[in-house]
Structure formats: structure tokens, C-alpha cells
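Novice: This is the structure I want to talk about, given as C-alpha cells.
Dropping the structure here:
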């Protein structure tokens with residue numbers, strides 16, 4: 001009965017439910033409930049309840065102990081409910097039948113080791129999903145996490161977890177999703193990750209990783225589709241990719257996001273084998289190389305899918321870009337803060353083109369507005385562009401951000417700029433003889 005407004009019953013909904021001893025499943029997700037009693041008085045009659053879903057309400061209370069006193073409970077979903085306070089103390093070994101625990105998006109505090117301990121202690125544990133992301137859990141992930149042999153999904157992102165990944169994760173042979181991003185974890189990446197043959201989503205972004213990433217870390221991940229990893233800025237380039245130029249991965253990714261690591265100086269050639277890539281984020285990796293030609297072939301007509309994002313921000317990439325479009329569908333391209341040079345490209349299927357802080361020279365193509373009619377964001381600032389601003393840009397209706405400052409442009413602002421309905425920002429520097437005019441127009445703030 002989710003997504004139904006029953007706010008008028010918020011003060012007595014639990015008493016009514018408690019009168020149904022044969023109730024097996026209860027879903028009241030996003031039902032505008034605000035009252036979550038700390039106890040069931042005088043006693044609990046929920047002797048058959050196995051599934052309880054209360055996600056998306058606004059309880060603004062602590063996690064009640066009585067949830068965990070329902071011995072028949074298998075699935076508990078209490079995500080994004082404004083639940084706060086300490087995670088309740090649970091006796092080890094009482095929750096061997098738990099299959100899913102979802103408490104994501106709350107303000108729950110406590111040690112992650114205590115959470116794991118309270119769910120462990122069984123000869124055979126049934127837990128398949130552990131979702132505690134976006135809370136304030138701290139401490140180190142214990143070795144006992146390896147006891148949950150049926151785990152398929154671990155989501156602990158956006159917490160305060162510290163320490164390394166325990167080697168025991170290699171025992172989780174059924175694991176498909178592992179998200180430890182945006183924590184304070186540190187140390188070297190454990191090689192036992194490479195034994196998780198069912199894993200298809202691995203997110204280790206924004207932690208304090210250091211040491212070396214070797215082929216052994218990835219060699220057994222045949223089903224991996226999404227790989228995200230970065231070391232924090234405070235330990236800049238502390239994680240080094242020690243992968244040979246001719247390494248052939250066992251997987252075929254659709255999503256890769258690697259940042260703030262030492263991958264260079266060569267462009268990672270092993271990516272050429274990843275023919276299903278849709279999203280490529282390779283930012284701040286100390287790559288000082290040319291962009292290989294095979295990158296532009298990822299969106300060829302021979303592929304069944306096409307690049308949606310190519311982000312190579314803040315490397316030392318050099319060389320010229322292909323003038324004609326290598327993209328066959330609506331694409332976001334960010335090649336800013338590199339050392340790319342030559343004339344500007346004319347790519348008709350690009351909606352976000354960010355080429356700021358490079359060495360591009362020459363004039364902006366007069367036909368740019370006719371060729372690139374799907375442009376929404378254009379950032380050419382911080383280059384060596386000369387000449388005037390083409391009037392054709394004023395005819396690109398979707399354009400809402402146009403940044404061309406810190407170049408050597410001359411001429412005038414065309415009347416077409418005033419016809420934009422959705423334009424939020426124009427930033428243009430135009431040289432007029434001895435004078436330099438900075439023209440910034442905010443048509444509408446967009447948040």
C-alpha cells in the first residue's frame with residue numbers, strides 16, 4: 001500500500017497493525033507517516049510478519065528495538081525515514097534468518113563492527129542485502145563480514161568508516177554489488193577483491209587509498225560492469241595503477257570512473273578492449289599522452305551502444321582533436337585543463353562541450369551554431385582563440401551556458417544573444433584595441 005497518504009492515521013497505525021497476528025507482509029513506503037512508537041505496548045502480536053517496508057516516511061525518531069524483536073522478520077526496509085541516533089544493541093546470533101536490512105539515508109550513528117556483530121553469530125547466515133549508506137557509521141569493517149556467504153549487495157557509502165577493506169571479503173563468492181565510496185577508508189586495496197567472480201558493481205571512490213593497484217585486484221572479476229575508484233586529494237596520487245601496457249581485462253565495462261590516482265604517463269591501453277563503455281571518467285590521473293584514435297571509435301556505427309560521457313579533465317593530454325564528429329549520439333564531453341591544441345572541433349552530436357584551459361587557437365568556426373544545434377553548455381574559456389564570435393551561436397536554442405572568457409576574441413556581441421529563452425550564463429572577454437571588456441550576463445539563476 002505504498003505511496004498513499006495516510007497521514008491522518010499516523011498516531012495509531014501501529015496499534016491497528018498489531019491486531020493482525022497473521023499479517024505476513026506490510027509495505028507502507030512513502031505514506032506520510034510521522035509517528036514511530038519506541039515500543040509495542042502491551043505486547044507484540046506480529047508473530048507472522050516477515051517483510052516490513054516503511055521507507056520514505058518522516059519519523060524523526062530513533063530506530064526502535066522492537067523491530068529486531070520480531071523473530072519472524074526477514075526483510076526490514078527503513079530507508080530515508082529521518083531515523084537518527086545510535087544503532088540499537090543486538091544480541092549476536094538472533095538474526096540468522098535476516099535476508100535484507102535497508103537503513104540507508106538516515107542519521108544513524110555507531111560502530112559498523114557492532115552492526116555486523118549483531119547480525120552474525122550463526123552457523124549459516126541468510127543475509128543477502130546490507131544497505132546502510134548515507135548515515136554516520138564509523139570504525140573499521142570487521143573480518144566477520146566474510147561470514148555472510150550469501151551476501152549479494154553491500155552498500156556502506158557516505159559514512160565515516162575507516163581502515164582497510166578486510167581480506168575476508170574474498171569469501172563473499174555471491175557478492176554482486178560492493179559500494180564503499182565516500183568514507184575515510186585507507187591502506188592498500190586488498191587483492192582478495194579479485195576473487196569475486198559475481199561482482200558487477202565496484203565503487204571505492206573518495207577514500208584514502210594508497211599503494212599499488214595490480215592486475216590481481218581485477219583478474220577474477222569477469223562480470224564487472226561498473227568500476228569506480230579514487231584516492232582523496234589529501235593523499236594526491238597515493239594510489240598507483242601498476243598495470244602493464246598490454247594487459248587484457250577479463251571484463252567488459254560499461255562505466256569507468258578513475259580519478260586522483262597515478263595512472264600515467266601513458267594512456268591506459270587496456271581500455272581499448274572495453275567495447276561496451278558508455279561512461280568514461282578518467283580525471284586527474286597524471287596522463288601526459290595523446291588521446292588514442294581508438295577512443296574516437298567507441299561511438300562508431302558498428303557498436304550497439306554509444307558513448308554518453310567522455311570526461312578526461314585535468315591531465316596533460318596533448319595533440320589535436322578530430323574535426324568531424326566521432327560521436328553518434330547525444331554526448332557530454334569534458335576535455336578541459338589539458339594541453340590540447342589546434343582548431344576547435346565541430347561535433348554535431350555533443351550537447352555539453354567543455355574545452356576550457358587548453359591551447360586551442362584560431363577562430364571559432366562560423367558554422368558552429370549550424371552544426372552543433374544540440375549544444376546546451378559550451379566552455380571555451382582559457383584558450384588562445386582569436387577572431388569574432390560567430391552569430392550562428394545565437395541560434396542554438398538549447399544553449400544555456402556559454403563561456404568564452406580569457407581568449408583573444410574581437411568584435412561585438414550579436415543581437416541574437418538577446419533571443420535566448422533558457423540562457424543562464426554568458427561569459428565572454430572581447431578585446432577592443434587597448435581595452436578589454438568582460439561581458440557577463442546572468443539571464444536566470446539555475447540551481
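In the UniProt record's numbering, the protein residues as written are 1 to 447. Ideal Cβ placement from N, Cα and C applies to all residues, glycine included. If you're wondering where the values come from, they're calculated on a predicted model, not measured in any experiment.
Got a sec? Which residues, its chain only, sit under 8 Å from residue 58 by beta carbon, not counting five neighbours each side?
Specialist: The count along the chain shown starts at 1 and reaches residue 58 at position 58. Cβ within range, chain order: 32, 33, 34, 81 and 82.
Novice: How about residue 137 and residue 108: do their beta carbons lie closer than 8 Å?
Specialist: Residue 137 sits at position 137 when you count from the first residue of the chain shown. Residue 108 sits at position 108 when you count from the first residue of the chain shown. Contact: yes.
Novice: With 16 as the cutoff for other CB atoms within 10 Å, does residue 20 come out buried or exposed?
Specialist: Locating residue 20 in the chain shown gives position 20, counting from the first residue. Exposed, since its Cβ has fewer than 16 Cβ neighbours within 10 Å.
Novice: So which of 360, 396 and 394 has the shortest CA-CA distance to residue 408?
Specialist: For this step, residue 408 is matched to residue 408 along the chain shown. The shortest C-alpha separation from residue 408 is found at 360.
Novice: Only counting the same chain, and skipping five residues up and downstream in sequence, which positions put a Cβ closer than 6 Å to that of residue 366?
Specialist: For the purposes of this step, residue 366 is taken as the residue at position 366 of the chain shown. Within the same chain, residue 366 has close Cβ partners 390.
Novice: What is the rounded straight-line gap between the Cα of residue 353 and the Cα of residue 62?
Specialist: As a first step, residue 353 is located in the chain shown; it is residue number 353 there, counting from the start. As a first step, residue 62 is located in the chain shown; it is residue number 62 there, counting from the start. Rounded to the nearest angstrom, the two C-alpha atoms are 47 Å apart.
Novice: Can you tell me whether residue 15 is buried or exposed? The criterion is at least 16 other CB atoms within 10 Å of its CB, across all chains shown.
Specialist: As a working note, residue 15 is residue 15 in the chain shown. Looking at its Cβ environment, which holds fewer than 16 other Cβ atoms inside 10 Å, residue 15 is exposed.
Novice: Apart from the five residues just before and just after residue 284, which ones in its own chain have a Cβ nearer than 6 Å to its Cβ?
Specialist: For the purposes of this step, residue 284 is identified with residue 284 of the chain shown, where counting begins at 1. Taken in chain order, the residues that qualify are 259, 260 and 314.
Novice: Rounded to whole angstroms, what is the Cα-Cα separation between residue 326 and residue 310?
Specialist: By 1-based counting over the chain shown, the position of residue 326 is 326. By 1-based counting over the chain shown, the position of residue 310 is 310. Cα-Cα distance, rounded: 11 Å.
Novice: Tell me, which residues are paired with residue 259 by DSSP?
Specialist: The residue you call residue 259 lines up with position 259 of the chain shown. Answer is 230 and 283, bridged to residue 259.
Novice: Is residue 320 closer than 8 Å to residue 279 when the C-beta atoms are compared?
Specialist: Along the chain shown, one-based indexing puts residue 279 at 279. Along the chain shown, one-based indexing puts residue 320 at 320. No, the pair does not count as a contact, with Cβ atoms beyond the cut-off.
Novice: Identify the residues that DSSP records as bridge partners of residue 184: which are they?
Specialist: Counted from its first residue, the chain shown places residue 184 at position 184. DSSP output for residue 184 lists 162 as bridge partner(s).
Novice: According to DSSP, is residue 117 helix, strand or coil?
Specialist: Residue 117 sits at position 117 when you count from the first residue of the chain shown. Correct three-state label for residue 117: helix.
Novice: Compute the beta-carbon to beta-carbon distance between residue 54 and residue 78, rounded to the nearest angstrom, for a pair I have assumed lies under 8 Å.
Specialist: As a first step, residue 54 is located in the chain shown; it is residue number 54 there, counting from the start. As a first step, residue 78 is located in the chain shown; it is residue number 78 there, counting from the start. Contact holds; Cβ gap of about 5 Å.
Novice: Would you mind working out which of 155, 124, 126 and 170 sits nearest residue 146, comparing C-alpha positions?
Specialist: Translated into the one-based positions of the chain shown, residue 146 becomes position 146. The candidate whose alpha carbon is nearest that of residue 146 is 170.
Novice: Please state whether DSSP places residue 408 in a helix, a strand or coil.
Specialist: By 1-based counting over the chain shown, the position of residue 408 is 408. DSSP places residue 408 in strand when its eight states are reduced to three.
Novice: How about residue 231 and residue 210: are their beta carbons less than 8 Å apart?
Specialist: The residue labelled residue 231 in the question sits at position 231 within the chain shown. The residue labelled residue 210 in the question sits at position 210 within the chain shown. Against a cut-off of 8 Å, the Cβ pair of residue 210 and residue 231 comes out as a contact.
Novice: Around the Cβ of residue 440, are there at least 16 other Cβ atoms within 10 angstroms (buried) or fewer (exposed)?
Specialist: Sequence index remark: in the chain shown, residue 440 carries index 440 (1-based). Confidence at residue 440 is low in this model, with a pLDDT of 44, below 50, so the placement of that residue should be treated as unreliable; the coordinate-derived value is given next. Classification of residue 440: exposed, given that the 10 Å Cβ count is below 16.
Novice: Let me know if residue 432 comes out buried or exposed under the rule of 16 or more other beta-carbons within 10 Å of its beta-carbon.
Specialist: Position 432 of the chain shown, counted from the start, is the residue given in the question as residue 432. For residue 432, the pLDDT reaches just 44, beneath the cut-off of 50, and the residue's location in the model is therefore unreliable, leaving the point undetermined.
Novice: CB residue 74 to CB residue 56, shorter than 8 Å?
Specialist: Looking up residue 74 in the chain shown gives position 74. Looking up residue 56 in the chain shown gives position 56. No, the Cβ-Cβ distance between residue 74 and residue 56 is not below 8 Å.
Novice: Kindly indicate the opening and closing residues of the beta strand (DSSP E) around residue 333.
Specialist: On the chain shown, position 333 is the one that residue 333 refers to. That run of the beta strand (DSSP E) goes 331-334.
Novice: Going along the chain, which residues of its own chain have a beta-carbon closer than 6 Å to the beta-carbon of residue 179, five neighbours each way excluded?
Specialist: Locating residue 179 in the chain shown gives position 179, counting from the first residue. The answer, listed in chain order, is 155, 157 and 203.
Novice: Would you call the CB atoms of residue 250 and residue 219 closer than 8 Å?
Specialist: Position 250 of the chain shown, counting from 1, holds the residue named residue 250. Position 219 of the chain shown, counting from 1, holds the residue named residue 219. Closer than 8 Å, so yes.
Novice: From the DSSP output, in three-state form, read off residue 129 for me.
Specialist: Counting from 1 along the chain shown, the entry for residue 129 is found at position 129. DSSP places residue 129 in strand when its eight states are reduced to three.
Novice: Specify the secondary structure class of residue 84 as computed by DSSP and reduced to three states.
Specialist: Residue 84 sits at position 84 when you count from the first residue of the chain shown. Three-state result, residue 84: strand.
Novice: Label residue 13 either buried or exposed according to how many other C-beta atoms from any shown protein chain fall within 10 Å of its C-beta, with 16 as the threshold for buried.
Specialist: On the chain shown, position 13 is the one that residue 13 refers to. Its Cβ being crowded by 16 or more others within 10 Å, residue 13 is buried.
Novice: Name the two residues that bound the continuous beta strand (DSSP E) containing residue 209.
Specialist: Locating residue 209 in the chain shown gives position 209, counting from the first residue. 201-209 is the extent of the beta strand (DSSP E) around residue 209.
Novice: Taking the straight line between their C-alpha atoms, what separation do you get for residue 159 and residue 135?
Specialist: Here the question's residue 159 lines up with position 159 in the chain shown. Here the question's residue 135 lines up with position 135 in the chain shown. Going by the C-alpha atoms only, they are around 5 Å apart.
Novice: For residue 144, which residues of its own chain have a beta-carbon under 6 Å away from its beta-carbon, when the five flanking residues on both sides are left out?
Specialist: In the chain shown, the residue the question calls residue 144 occupies position 144. Excluding residues within five positions, the ones whose Cβ falls inside 6 Å are 116 and 120.
Novice: List the residues that DSSP assigns as beta-bridge partners of residue 339.
Specialist: Taking the chain shown and counting its residues from 1, the one referred to as residue 339 is at position 339. 318.
Novice: So which of 161, 118, 164 and 139 has the shortest CA-CA distance to residue 148?
Specialist: Locating residue 148 in the chain shown gives position 148, counting from the first residue. When each option's Cα is compared against that of residue 148, the closest is 118.
Novice: Mind checking which residues open and close the alpha helix (DSSP H) that includes residue 369?
Specialist: As a first step, residue 369 is located in the chain shown; it is residue number 369 there, counting from the start. First-last of the alpha helix (DSSP H) with residue 369: 368-371.
Novice: Here's the rule: buried if 16 or more other CB atoms are within 10 angstroms of the residue's CB, otherwise exposed. What is residue 452?
Specialist: With the chain running from 1 to 447 in the structure shown, residue 452 is simply not present.
Novice: Select from 47, 39, 37 and 38 the residue whose C-alpha is nearest the C-alpha of residue 22.
Specialist: The residue labelled residue 22 in the question sits at position 22 within the chain shown. The shortest C-alpha separation from residue 22 is found at 47.
Novice: In three-state terms, what does DSSP make of residue 448?
Specialist: Because the chain is modelled from 1 through 447, residue 448 falls outside the range shown and cannot be assessed.
Novice: Check each candidate in 224, 166 and 72 and name the one with the smallest Cα separation from residue 126.
Specialist: For the purposes of this step, residue 126 is taken as residue 126 along the chain shown, with counting starting at 1. Measuring from the Cα of residue 126, the nearest candidate turns out to be 72.
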